Every structure is written in C-alpha cells, then in structure tokens.
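Peer 1: I'd like to ask you about the structure that follows.
Dropping the structure here:
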C-alpha cells in the first residue's frame, strides 16, 4: 500500500487493535503479544500487522492484518504466501484480514476454490462500517478512521465537523491535535474529502498550516510516490535475478515470491540471456 498510509497505520494500529479486533474482526482478545520477526522465504517479507493472541475462550492463534488502498488482483496469492510463511514459522492457526481503504468497491478475490487448498482471508470494506462506531471511541487514532466509514445519508460537512470536534476534545495538547489532523487529512484523500476537511478546519477556527505539510505540497506527493515505486521495482528485479540464478524455482514461483507479474519476470530473465 502507499507508503504514507502504511506509515500512519503501522504507527497507530497497536493502540487501536483491541477495539478494532472486537468491532471489525469479531474477535475478543484476552491477551496478545507483538510478533516483530520478519517473514522469510528466499527474501524477507514484513506483514503490516502480526499478533499472537489468546481469545477469551482460551484459543491461541495468529492474527494477520494487511491494509490495502488499491484493489490488488494478486492479493489472494500474496496472502497465501504470507499464510504459508506464518504457519511454517509459528505452527499456529492463522486468521488473515485485508482491510480495504479504497474508494471503489473491491473486486479482488478473497477465497480460493476448494481445489486450491488455501481457504482465504476475510475482507473488511471500511466503506460499509458505520462511522459512528469509530467516532464514539475514546482513542483519537481510532476516531481518525471514521472518515473512511459509511456516512449513510448524513451531510459530509457535518460528519467532518463531528470528527474534528471529537479529536479536539480527546487531544491533550495542540501538538497532539495537529498530528491527528494530519492523519485525518491523509485518510480524507482516499474519500476525496480533503477540501471539505480544510474548510471545516477554517470554519471551526482550528489552526493547521497545510503549506508546511510535506505530504500536501503541490506536485510533491506524486514525485515521492514515483521514487518509492522505482525503489520497489529495483528491489523486486534483484530478487528475480537471484532466484533465477539459483535455478530452484519455476518462473511462476519466482513471480509469486517477487510480487511481479509472470510477464515482468519473463522480461527480466530474457534480458539476462
């Protein structure tokens, strides 16, 4: 997912995980511990969020979350690789969730046919979550996510006003409020609500200097994203070359490990010959 959304979610998810687990995942947690280990299979993969938990019923399992802003057609195959790595490493049952943050309804497959062995993951579309469930939280990081929820027929301006009022009430300092507003503006981009959010800030007299915010500087965001894309492509190309030279995997398996298409892998391999 985009580096900006990824950074904020990874920064906040630990604080809001117990609440979100109950509200969105349907899992009540009695105990959890962070799993910091990187997943490894010829190349390292780091999950967005990985926790070993014990439920109120005493069941021990791994909860794996991935956050998606794009409708990735390869998501099911990616999650299968994660599932294999996690079960091999921890020898526990795993429940996997992809939390979709995008604007359009997701079309990605999230379950294999019975013949395909891997059962699949559970897809949570934030657009179908009542925003008031998140708005009523006492945790600011959770309130911010209300902007991604279902407003039903409620006026967008009014919803943004309520979110900002709630953040203002829960923030213990101007700096904290500024941070939560930055997070809100970041996620508002996924719903094309940036302008409405800015107008509500102005209307409510809340000071936030957007010109100093690197994320919103005109033209800068795309340049940063292009830089990230180039770095990821270079890294994936190196993985393909190393796996091909090892001569142990098929091109299809190399494509899955590198998260590139089979056509892209074939092109890289052809250039080596």
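In this note's numbering, the protein residues as written are 144 to 416. Each residue gets a CB set at the ideal place from its N, CA and C atoms; glycine is no exception. Fair warning: this is a prediction, and the values are worked out from it, not measured in the lab.
Roughly how many angstroms separate the alpha carbons of residue 220 and residue 399, rounded to a whole number?
Peer 2: 7 Å
Peer 1: In three-state DSSP terms, what is residue 389?
Peer 2: helix
Peer 1: To the nearest whole angstrom, what separates the beta carbons of residue 148 and residue 210, a pair I think is in contact under 8 Å?
Peer 2: So it is a contact: roughly 7 Å between Cβ atoms.
Peer 1: Do the segment 165-185 and the segment 247-255 meet, that is, are 3 or more Cβ pairs less than 8 Å apart?
Peer 2: The segment 165-185, when compared against the segment 247-255, does not touch it at the 8 Å Cβ threshold.
Peer 1: In the DSSP assignment, what residue or residues form a beta bridge with residue 195?
Peer 2: 176 and 205
Peer 1: Buried or exposed: which applies to residue 316, given that a residue is buried once 16 or more other Cβ atoms fall within 10 Å of its Cβ?
Peer 2: Burial call: exposed.
Peer 1: What did DSSP end up calling residue 242 once you bin it into helix, strand or coil?
Peer 2: strand
Peer 1: Once DSSP output is grouped into helix, strand and coil, what is the label at residue 266?
Peer 2: strand
Peer 1: Looking only at its chain, what residues have a beta carbon closer than 6 Å to the beta carbon of residue 236, apart from the 5 residues adjacent to it on each side?
Peer 2: 204
Peer 1: Please give the ranges of any beta strand (DSSP E) in the segment 257-310, keeping only runs that are unbroken, at least 3 residues long and fully inside the region.
Peer 2: Here the runs fully enclosed are 265-268.
Peer 1: Spatial neighbours of residue 164 within its chain, please: CB distance less than 6 Å, with the 5 preceding and 5 following residues excluded, ordered by chain position.
Peer 2: 170 and 172
Peer 1: Please work out which residues of its chain come closer than 6 Å, Cβ to Cβ, to residue 370, disregarding the five sequence neighbours upstream and downstream, and give them in chain order.
Peer 2: Its pLDDT being 48, under 50, residue 370 is placed unreliably in this model, and the value from its coordinates should be taken loosely. There are no such residues.
Peer 1: In chain order, what residues of the same chain have a beta carbon less than 6 Å from the beta carbon of residue 265, not counting five sequence neighbours either side?
Peer 2: Its chain contains 240 as the residues whose beta carbon lies nearer than 6 Å to that of residue 265, once the 5 sequence neighbours on both sides are disregarded; these appear in chain order.
Peer 1: I'd like to know whether the C-beta atoms of residue 401 and residue 383 end up nearer to each other than 7 Å.
Peer 2: yes
Peer 1: In whole angstroms, what separates the C-alpha of residue 337 from that of residue 257?
Peer 2: 43 Å
Peer 1: On the DSSP letters alone, give me the boundaries of the alpha helix (DSSP H) that residue 167 sits inside.
Peer 2: Taken as a continuous stretch (DSSP letters only), residue 167 belongs to no alpha helix (DSSP H), as it is neither H nor E.
Peer 1: Quick one: Cα of residue 283 to Cα of residue 306, how far?
Peer 2: 10 Å
Peer 1: Alpha carbon to alpha carbon, what distance is there between residue 386 and residue 408?
Peer 2: Residue 408 and residue 386: Cα-Cα distance of roughly 11 Å.
Peer 1: Tell whether a beta-carbon distance below 7 Å holds between residue 411 and residue 380.
Peer 2: yes
Peer 1: Who pairs with residue 237 in a beta bridge, going by DSSP?
Peer 2: 205
Peer 1: Could you pull out every residue in the same chain whose Cβ sits closer than 6 Å to the Cβ of residue 194, ignoring the five residues on either side in sequence?
Peer 2: If we look at residue 194 and ignore the five residues flanking it on each side, its Cβ neighbours are 175 and 206.
Peer 1: Is it buried or exposed, residue 135, if we count other Cβ atoms within 10 angstroms and call 16 or more buried?
Peer 2: The question about residue 135 has no answer here: the residues shown for the chain are numbered 144 through 416.
Peer 1: Less than 8 Å between C-beta atoms, sequence neighbours within five positions excluded: which residues of the same chain meet that for residue 310?
Peer 2: 283, 286, 287, 320, 323, 324 and 327
Peer 1: Report all residues from its chain with a CB closer than 6 Å to the CB of residue 243; omit the five preceding and five following residues, and keep chain order.
Peer 2: 211, 249 and 268
Peer 1: Using the three-state DSSP reduction, which class does residue 361 fall into: helix, strand or coil?
Peer 2: At residue 361, the pLDDT of 40 sits below 50, so the modelled position is not reliable; the number obtained from the coordinates is stated separately. Of the three classes helix, strand and coil, the one that applies to residue 361 here is coil, per DSSP.
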